[in-house]
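Everything on this sheet refers to the single structure shown next.
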Amino acid sequence: MSRLREAGKLPGRVVTWLGERFELEDSVMAVLRHPVPRELERPVGWWYVLGSATLAVFIAQVVTGVGLAMTYVPAPNSAYDSLQFISHGASLGAVVRGMHYFGAGAMVILVLAHMTQVYLFGAFKFPREANWLTGSLLLLATLAIIGEWLTRLIVAGNNVGGATLTRFYATHVFLIPAAIFGLIGMHLYLVVKRGISEPPVAGLPVDPPSYRARYAEMLRRGIPFWPDSAWRDAVAAAAVVAAVVLLAAILGAPDLNKPADPTNVVADPRPDWYFLGYFAILALIPPATEAVVIVGLPLFAFTFLFLVPLLWPDGERHWSRRPAAIAAVALPFIAYAALTVAGIESPWVPKLEGGTLPGSVTQGLTEPARRGSDLFVSKACVACHAIEGAGGRRGPDLSHVGSRLNRDQLTARIATGGGGMPAFAGSLTPNELDDLVTFLTTRR
Ligand code: HEC
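So in my numbering, spot 30 of the sequence shown is number 33, and the numbers just go up one at a time.
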């Protein structure tokens, strides 16, 4: 019995021993116990846990990433097989891959939620501008690590050349994570040095000359971060990691893409949901402006992010006194949500199944026009074009094309294609082309 009691004291003794030998009292413990504003004890303190939750998911990404790297082989002939083995052969492999996959999504959500909270609380203002700047770089690195990996899967498929694969892999497992580690170090250093911002009070603006003294005064009545405030962070961190584990355990790893098939002309590669809106923009804009949007939109967004603390370092912090700031958050979120919905529906992707024309369209056609209407279905025109509500929406509705274009124009349009319309000169005989045009001229 007494031996058991002795054993029970062991962990405490180990901690004390380590603390003394490594002199943690005036370093790690001092940092953990640093004072924070007393208001964080109140429920408003829950708004402050998003950064810790993000960090926890990032650490989980590193752990699962190392686990995957033990088995994944970044070589053209082995990459697909090794992923197959991780997902179906290795014990817990599917869960680890699933955690890495859902962890990536969780990180995007949490980083954005954290930034939104910091922005709406005005916590980026003096003297915490550099916290915001390093945070923006962390967002950039987070999106880069995910985007780069996705590009490999979507643009290059799983069978890219060896050099490309090695470069992608090295960037994903060394370069960007190393950058994130360095930035997290700076970010946390600043969080401790600058102190955690007090919850904003409407009518109490940030006045740089007097802010420091006011904040120091506030901290004299403060509470120690550990344990009085940090328990919320611990709870939130445990909750998000548990959610990722649960999703991975229940839903498992995402399906492996088949090795890319170059003969599939209507491939519909889907990015993860958080990039769907971005893909929707690219699908909806005129092709000529694509380069401008691909480079320009992120450039504009990040330039804005970096300018935020430099343009608005002082003044009111409370969101109720910053209507423009609320709009700056709400509008992009609403726009992106709408684009994501469009991305999910993606009317610009050809419809592969169920292409038939309604009886009202095919009724009473002359013999050539009826053959044309059959060709319209068998040559998959209907995958991209709708007539009287039936068909895809990739190309224009052709219900009344006969009143827009004459025979010659129709013939030229179908034979030569262009602007997202395939050229059919090679895959239709002159008679078939004639029948198709005859059919379309009935559409007035
Ligand atoms: C992969 C999708 C796709 C397929 C398949 C397709 N088209 Fe098109 N088509 C388009 C797009 C996109 C346009 C619009 C091009 C533009 O804006 O210049 C278009 C334009 C047209 C036009 C001109 C419409 C107008 O109002 O100016 C006609 C006519 C047409 N297609 C007929 C056909 C026929 C007939 C077939 C089958 C043999 C066919 N298309 C197959 C995508 C497709």
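Glycine included, every Cβ here is placed at the ideal spot set by N, Cα and C. For clarity, every value in this text was computed on a predicted model and none was experimentally measured.
Within the same chain, and ignoring the five residues on either side of residue 205 in sequence, the residues whose Cβ sits closer than 8 Å to its Cβ are 319, 321, 323 and 324.
Bounds of any alpha helix (DSSP H) do not take in residue 76, whose DSSP letter is neither H nor E.
Between the alpha carbons of residue 226 and residue 46 lies a gap of roughly 15 Å. A Cβ-Cβ separation of about 6 Å places residue 243 in contact with residue 60 under the 8 Å criterion. With a cut-off of 6 Å, the C-beta of residue 386 is classified as near the ligand HEC, since at least one heavy atom of the ligand falls inside that distance.
Between residue 249 and residue 87, the alpha-carbon positions lie close to 22 Å from each other. When 251, 405, 407 and 427 are compared, the shortest CA-CA separation from residue 105 is found for 251. For residue 393, the three-state secondary structure derived from DSSP is strand. Excluding residues up to 5 positions away in sequence, 21 lie with their Cβ nearer than 8 Å to the Cβ of residue 27 in the same chain. Residues of the same chain with a CB within less than 7 Å of the CB of residue 426, apart from the 5 flanking positions on each side, are 418, 419 and 420 in chain order. The straight-line gap separating the alpha-carbon atoms of residue 352 and residue 335 is approximately 25 Å.
Here DSSP, grouped into helix, strand and coil, assigns residue 38 to strand. Remark: the shortest separation between the CB of residue 416 and any heavy atom of the ligand HEC falls under 6 Å.
Segment contact: the segment 287–306 against the segment 169–181, fewer than three CB-CB distances shorter than 8 Å; contact not assigned. C-alpha of residue 390 to C-alpha of residue 348: approximately 19 Å in a straight line.
An exposed status is given to residue 212, since fewer than 16 other beta-carbon atoms sit within 10 Å of its beta-carbon. Apart from sequence neighbours up to five positions away, the residues of its chain that approach residue 400 with a beta-carbon distance below 6 Å are 389, ordered along the chain.
The C-alpha of residue 55 lies about 47 Å from the C-alpha of residue 423.
A distance below 8 Å between beta-carbons, with the five flanking residues on each side excluded, links residue 151 to the following residues of its chain, in chain order: 171, 174, 175 and 179.
Taken from the Cβ of residue 404, at least one heavy atom of the ligand HEC lies inside 6 Å. For residue 318, the three-state secondary structure derived from DSSP is strand. Relative to the ligand HEC, even the nearest heavy atom lies 6 Å or more away from the CB of residue 345.
Contact annotation: residue 199 and residue 39 have beta-carbon atoms nearer than 7 Å.
When secondary structure is reduced to three states using DSSP, residue 209 falls in the strand class. Beta-bridge partners assigned by DSSP to residue 227: 38. Counted as a single uninterrupted DSSP element, the alpha helix (DSSP H) harbouring residue 442 occupies residues 433–444. In the three-state DSSP reduction, residue 92 falls in the coil class, being neither helix nor strand. DSSP places residue 51 outside any alpha helix (DSSP H), giving it a letter other than H or E. Between residue 183 and residue 144, the gap from beta carbon to beta carbon is short of 7 Å.
Residue 427 has its Cβ nearer than 6 Å to a heavy atom of the ligand HEC. Secondary structure note for residue 363: its alpha helix (DSSP H) is the uninterrupted segment 362–365. Distances from the alpha-carbon of residue 62 to those of 127, 224, 442 and 109 put 109 closest. Taking the CA atoms as reference points, residue 281 sits about 31 Å from residue 84. For the pair residue 314 and residue 253, the Cα-to-Cα distance works out to about 46 Å.
Within 6 Å of the C-beta of residue 407 there is at least one heavy atom belonging to the ligand HEC. If you draw a straight line from the Cα of residue 50 to the Cα of residue 207, it is about 20 Å long.
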